[in-house]
Each structure stands twice: as C-alpha cells, then as structure tokens.
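Presented below is the structure to which this report refers.
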Amino acid sequence: MIIGATLKKIFMATAAVAIVVGAFLVYALAGLGARPVLFAEPPSFVKKYATTLQYSNAYPLDASKTVGKQLDETESVKITTDFLKEEALVRKVFFEDESPGLILPLFAHPDRTQRVKIASAFSAVNVKFTHDEESGFPEKRRQFWLDVKEHIPNIKNALFEALAASAKEGSKSTIPYTLAWMPGQDHETVEFFAWSAKHHPDQWVRRFSVYFVVEFGENEELASSLLQDRTHDPDYGVRREVLDLRIKRLTGQNQQS
Numbered sequence: 095m096i097i098g099a100t101l102k103k104i105f106m107a108t109a110a111v112a113i114v115v116g117a118f119l120v121y122a123l124a125g126l127g128a129r130p131v132l133f134a135e136p137p138s139f140v141k142k143y144a145t146t147l148q149y150s151n152a153y154p155l156d157a158s159k160t161v162g163k164q165l166d167e168t169e170s171v172k173i174t175t176d177f178l179k180e181e182a183l184v185r186k187v188f189f190e191d192e193s194p195g196l197i198l199p200l201f202a203h204p205d206r207t208q209r210v211k212i213a214s215a216f217s218a219v220n221v222k223f224t225h226d227e228e229s230g231f232p233e234k235r236r237q238f239w240l241d242v243k244e245h246i247p248n249i250k251n252a253l254f255e256a257l258a259a260s261a262k263e264g265s266k267s268t269i270p271y272t273l274a275w276m277p278g279q280d281h282e283t284v285e286f287f288a289w290s291a292k293h294h295p296d297q298w299v300r301r302f303s304v305y306f307v308v309e310f311g312e313n314e315e316l317a318s319s320l321l322q323d324r325t326h327d328p329d330y331g332v333r334r335e336v337l338d339l340r341i342k343r344l345t346g347q348n349q350q351s
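Following this note's numbering, the numbering of the sequence shown begins with 95 at its first residue and continues without gaps.
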C-alpha cells in the first residue's frame with residue numbers, strides 16, 4: 095500500500111536522523127574528540143590600541159602616585175591576582191565619593207602591568223557588588239559609566255589586556271562578566287570573546303564567552319564556527335553549553351530571534 099510505504103519511509107528516515115543525532119550527542123558530550131586548550135596571542139587590535147598609550151600624555155602621573163611596585167612579567171606573583179591596592183582605589187571611587195579621576199589614569203597608564211592590575215581590580219569589585227542593592231553600587235555604576243563615557247575605550251582595552259594576561263598566567267577570571275555588560279560593545283568585543291572561548295584555560299571563561307558570541311554577538315558566521323570548534327572542548331560543561339546553544343538555534347529560541 096502506498097500510504098503504508100510512505101509511513102515506512104518516514105519512520106526509517108526519522109530513525110536514521112535519531113541515530114545520527116544520538117551519535118553526535120555521545121561523541122560531543124563524552125568528549126571523544128576533545129582537544130587541549132592552548133594559549134594564543136589575542137586579536138591584534140588589543141596590542142595596537144595599547145601601543146598608542148605608550149606615547150600618550152593624556153594622563154600624566156607623578157611617579158610617587160603610582161600604585162604599588164611595578165612587577166616584571168617574569169616575577170612569580172601573578173599580576174592578574176595581585177591588585178589589592180588598586181582594588182582599594184576602586185572602592186574609594188564607588189563607596190567613598192572619590193572622583194573617577196582617581197583611577198582613570200591607570201587604565202591608560204603606559205605600563206601594561208598597571209593597566210592589567212586596575213582592570214582586574216575594577217572587574218573584581220564590579221562582580222562582587224553588581225547585585226548588592228543595599229550598597230548602592232548598581233546605581234553608582236550607572237552614573238560612573240555616564241561620567242567616564244569618553245574613557246570607555248581605554249577601560250575596555252585594559253579589560254581585554256587583563257583577560258589575555260590571565261589566560262597566559264593560567265588564572266581564573268571574572269572579567270568577561272564586566273566586559274559583557276559594560277557600554278561600548280562592538281565587533282571587537284565579540285571577536286575578543288571568540289578568542290577567549292578558544293584559548294583561555296578557565297572553563298567558566300570559555301563557557302561564558304561561547305554563550306555571549308552566540309547569543310549576543312550578531313555574527314552568524316563567527317557563532318557557527320565557534321560552536322563547531324568548542325564541540326571539542328575538553329570540559330564537559332563547555333561542551334554541554336555548546337549543545338544547548340545548538341538546540342536553541344535549531345528551535346529558534348536564541349536571544350536574537
């Protein structure tokens with residue numbers, strides 16, 4: 095019978111698809127094709143922007159006011175975790191009514207170590223108090239971004255540098271959270287997140303970065319290639335995030351729909 099034959103073909107086709115999907119799930123979630131995460135230099139625009147600061151006179155600092163000892167990159171202390179003095183300055187701006195001018199020069203400081211430290215400290219405070227309404231931080235942060243609008247490119251690039259430094263040092267980082275929700279996002283932000291999704295050793299950074307690129311990046315080609323690449327991530331949580339995002343895209347549930 096024609097109807098019976100048609101149903102049989104449909105059933106066989108569905109079963110074949112189910113087998114393929116099942117095989118993919120096993121392959122992806124079991125990490126059978128997992129590849130190690132290797133550090134690579136961040137996108138060139140990060141270093142290119144930083145070189146302009148080497149000759150900038152926009153924020154002259156007296157040597158006596160430089161925060162802490164400038165650490166050589168060969169020293170054992172990790173610059174992305176050694177920022178207590180910089181964090182104290184950030185807290186003064188947000189909780190002691192100090193002017194943003196107290197920390198803005200550090201985001202544009204000619205020394206990379208200082209830029210990385212202030213960016214790491216800024217992000218640490220942001221993450222700690224972002225939902226603390228009683229502290230007044232959320233409202234103060236909104237005003238901060240309005241007050242420093244002209245300096246956002248410096249802040250953003252310092253955050254890029256700090257996240258790249260943490261990847262090279264093998265440190266955990268919450269900087270992606272600050273980058274994702276700050277003003278001034280553009281194609282460079284998306285491209286940088288695609289880089290951190292592939293090359294940062296912290297699995298949370300990779301997972302968050304994949305999510306941001308796919309859900310908010312508005313770059314279909316980059317999102318597709320990143321999902322394909324991170325299917326082979328060594329961490330189960332990242333692979334599961336990739337699978338969930340693939341399913342959402344297939345069912346039209348992504349944020350941009």
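Each residue gets a CB set at the ideal place from its N, CA and C atoms; glycine is no exception.
In this text, all values refer to a predicted model and were calculated from it rather than measured experimentally.
Item: Label Gly346 either buried or exposed according to how many other C-beta atoms from any shown protein chain fall within 10 Å of its C-beta, with 16 as the threshold for buried.; Value: exposed
Item: Please report the straight-line C-alpha distance between Glu254 and Phe216, rounded to a whole angstrom.; Value: In the sequence under discussion, the amino acid at residue 254 is Phe, which differs from the Glu named in the question. In a straight line, the C-alpha of Phe254 is about 13 angstroms away from that of Phe216.
Item: Following the continuous alpha helix (DSSP H) through Ala43, name the residue where it begins and the one where it ends.; Value: No information on residue 43 is available, as it lies outside the stretch 95 to 351 that the chain covers here.
Item: So what's Ala134 in DSSP terms, helix, strand or just coil?; Value: coil
Item: For Arg236 and Ala213, what's the separation of their Cα atoms in angstroms?; Value: 17 angstroms
Item: Taking the C-alpha atoms as reference points, what is the distance between Val187 and Ala274?; Value: 22 angstroms
Item: For the alpha helix (DSSP H) containing Ile173, name the first residue and the last one.; Value: From DSSP, Ile173 is part of no alpha helix (DSSP H); its letter is neither H nor E.
Item: Please classify Arg324: does DSSP put it in a helix, a strand, or coil?; Value: helix
Item: Classify Thr268: buried if its beta carbon has 16 or more other beta carbons within 10 angstroms, exposed otherwise.; Value: buried
Item: Count the other CB atoms, across all protein chains shown, that sit within 10 Å of the CB of His281; report buried if there are 16 or more and exposed otherwise.; Value: exposed
Item: Val111: buried (16+ other C-beta within 10 angstroms of its C-beta) or exposed?; Value: Confidence is the limiting factor: at Val111 the pLDDT is only 46, short of 50, which leaves the residue's position unreliable and the question unanswerable from this model.
Item: Hey, could you find the ends of the alpha helix (DSSP H) Ala259 is sitting in?; Value: 246-263
Item: Please tell me whether Phe223 and Ser229 are closer than 8 angstroms, where the distance is taken between their beta carbons.; Value: yes
Item: For a test of the three-state rule: what should DSSP assign to Glu192, helix, strand or coil?; Value: coil
Item: Of the choices Pro295, Phe201, Lys262, whose alpha-carbon is the least far from that of Tyr143?; Value: Phe201
Item: Is Ala134 buried or exposed, if buried means 16 or more other CB atoms sit within 10 Å of its CB?; Value: exposed
Item: Would you say Val304 and Arg333 are within 8 angstroms of each other, going by their C-beta atoms?; Value: no
Item: CB-CB under 6 angstroms to Ala288, same chain, minus the five flanking residues each way: which ones, in chain order?; Value: Val307, Leu316, Leu320
Item: In or out: Leu147 buried (at least 16 other Cβ within 10 Å) or exposed?; Value: buried
Item: For the candidate residues Thr283, Tyr330, Phe177, Glu263, whose alpha-carbon lies nearest to that of Asn313?; Value: Thr283
Item: If I measure Cβ to Cβ from His203 and keep anything under 6 angstroms in the same chain, skipping five residues before and after, which residues do I get?; Value: Arg209
Item: Using a Cβ-Cβ cut-off of 7 angstroms (strictly less than) and excluding sequence neighbours within five positions of Glu169, which residues of its own chain qualify?; Value: Note that Glu169 scores a pLDDT of 48, beneath 50, so its modelled location is shaky; the value from the coordinates is reported in the next line. So the list is empty, once near-sequence residues are dropped.
Item: Quick check on Leu178: buried or exposed, where buried means 16 or more other Cβ atoms within 10 Å of its Cβ?; Value: exposed
Item: Thinking C-alpha only, which one of Gln279, Glu244, Ala261, Lys141 is nearest Lys292?; Value: Ala261
Item: Taking only three categories from DSSP, how would you classify Glu315?; Value: helix
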